[in-house]
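Visitor:
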Amino acid sequence: MKKKLLIVAMLIVVIMTAVLLVGCDTNKMNIGFMASADSEIEMVKVNIKDYDGKMLSDLLKAEESLGAVLTDSEYGPYINEIKNLKPQGNQYVAVFTSDESKKNTYEGAKEPIIKNGITYYESGVGISGLPVSKDIHYLFVLLEF
0 MKKKLLIVAM LIVVIMTAVL LVGCDTNKMN IGFMASADSE IEMVKVNIKD
50 YDGKMLSDLL KAEESLGAVL TDSEYGPYIN EIKNLKPQGN QYVAVFTSDE
100 SKKNTYEGAK EPIIKNGITY YESGVGISGL PVSKDIHYLF VLLEF
């Protein structure tokens with residue numbers, strides 16, 4: 000009888016640990032980085048507990064691990080560099096989002112990028128207009144003008 004009770008107790012501990020581990024990931028957001036539109040994607044998980052519902056610019060300014068260097072302009076913050084993406088010459092850091100409602104609808108918009116089953120659209124708004132959410136994925140890509 001004691002052996003069965005011990006097995007049941009251990010099973011409960013294992014189940015509760017698994018639930019807690021899954022629950023800990025709810026405040027995380029995946030952000031991707033690509034050196035070019037056809038390169039491999041580097042994914043980084045960021046804790047968004049303090050930024051959920053705020054804008055991507057707020058997260059980038061505060062999250063030092065992303066290494067974002069921003070410049071304020073009349074149109075809002077501009078990304079000079081981020082993580083391992085440092086534009087040279089005629090390059091810039093483009094922001095792609097999985098939020099289709101924020102995609103660039105202008106003629107000449109970049110083609111969507113599909114990586115790991117997620118479609119990323121070139122953003123039609125700046126980082127001050129992109130919300131932070133665990134349900135939205137962002138991709139920073141080094142592109143040429």
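Letter by letter, the sequence shown follows residues 0 to 144 in numbering that gives the first Met the number 0. Positions of the beta carbon are idealized from the N, C-alpha and C atoms, including for glycine. These figures come from a predicted structure and were not determined experimentally.
Would you call THR96 buried or exposed, if buried means 16 or more other Cβ atoms sit within 10 Å of its Cβ?
Guide: In the sequence shown, residue 96 corresponds to position 97, counting from 1. THR96 comes out buried.
Visitor: From ILE78 to ILE112, what does the alpha carbon distance come to, in whole angstroms?
Guide: Here residue 78 is taken as the residue at index 79 of the sequence shown, counted from 1. Here residue 112 is taken as the residue at index 113 of the sequence shown, counted from 1. Those two C-alpha atoms are separated by around 20 Å.
Visitor: Rounded C-beta distance between TYR168 and GLY123? I'm assuming under 8 Å.
Guide: Given a span of 0 to 144 for the chain in the structure shown, any question on residue 168 remains unanswerable.
Visitor: For VAL45 versus GLU63, is the C-beta distance shorter than 7 Å?
Guide: Mapped onto the sequence shown, residue 45 falls at position 46. Mapped onto the sequence shown, residue 63 falls at position 64. Result no, Cβ atoms of VAL45 and GLU63 do not sit closer than 7 Å.
Visitor: Considering only their Cβ atoms, is the gap separating GLU143 from ASN103 smaller than 7 Å?
Guide: Residue 103 sits at position 104 when you count from the first residue of the sequence shown. Residue 143 sits at position 144 when you count from the first residue of the sequence shown. Taking 7 Å as the Cβ cut-off, ASN103 and GLU143 do not qualify as a contacting pair.
Visitor: If LYS53 and VAL131 are in contact, beta carbons under 8 Å, what's the gap, nearest whole angstrom?
Guide: The residue given as residue 53 occupies position 54 in the sequence shown. The residue given as residue 131 occupies position 132 in the sequence shown. So it is a contact: roughly 5 Å between Cβ atoms.
Visitor: Taking the continuous alpha helix (DSSP H) assigned at LEU58, which residues delimit it?
Guide: What you label residue 58 is simply residue 59 of the sequence shown in a count that begins at 1. Element bounds for LEU58: 55 to 61.
Visitor: Leaving out the 5 sequence neighbours to the left and right, which residues in its chain are closer than 6 Å to MET28 when beta-carbon positions are compared?
Guide: The residue you call residue 28 lines up with position 29 of the sequence shown. The residues are VAL45, ILE47 and LYS133.
Visitor: By how many angstroms is the C-alpha of LEU65 removed from the C-alpha of LEU58?
Guide: The count along the sequence shown starts at 1 and reaches residue 58 at position 59. The count along the sequence shown starts at 1 and reaches residue 65 at position 66. About 9 Å.
Visitor: Under a Cβ-count criterion, where at least 16 other Cβ atoms within 10 Å of its own Cβ denotes burial, should TYR120 be classed as buried or exposed?
Guide: Your numbering for residue 120 matches position 121 in the sequence shown. Flag for TYR120 reads buried.
Visitor: Judging by CA-CA distance, which residue of ILE126, LYS1 and LEU141 is the nearest neighbour of THR70?
Guide: The residue labelled residue 70 in the question sits at position 71 within the sequence shown. Selected option, being the one with the closest Cα: ILE126.
Visitor: Going by beta-carbon coordinates alone, are VAL92 and ILE81 separated by less than 7 Å?
Guide: Taking the sequence shown and counting its residues from 1, one reaches residue 92 at position 93. Taking the sequence shown and counting its residues from 1, one reaches residue 81 at position 82. Yes, they are a contact pair.
Visitor: I'd like the list of long-range same chain contacts for VAL43, defined as Cβ closer than 6 Å, with 5 residues on each side in sequence excluded.
Guide: What you label residue 43 is simply residue 44 of the sequence shown in a count that begins at 1. Here the set comprises ILE30.
Visitor: Output needed for ILE135: all residues of its chain with C-beta closer than 6 Å, excluding positions within five of it in sequence on either side, in chain order.
Guide: The residue you call residue 135 lines up with position 136 of the sequence shown. Contacts found: SER97 and ASP98.
Visitor: Return yes when the Cβ of GLU39 is within less than 7 Å of the Cβ of PHE32, no when it is not.
Guide: Within the sequence shown, numbered from 1, the residue matching residue 32 stands at position 33. Within the sequence shown, numbered from 1, the residue matching residue 39 stands at position 40. Cβ atoms of PHE32 and GLU39: not closer than 7 Å.
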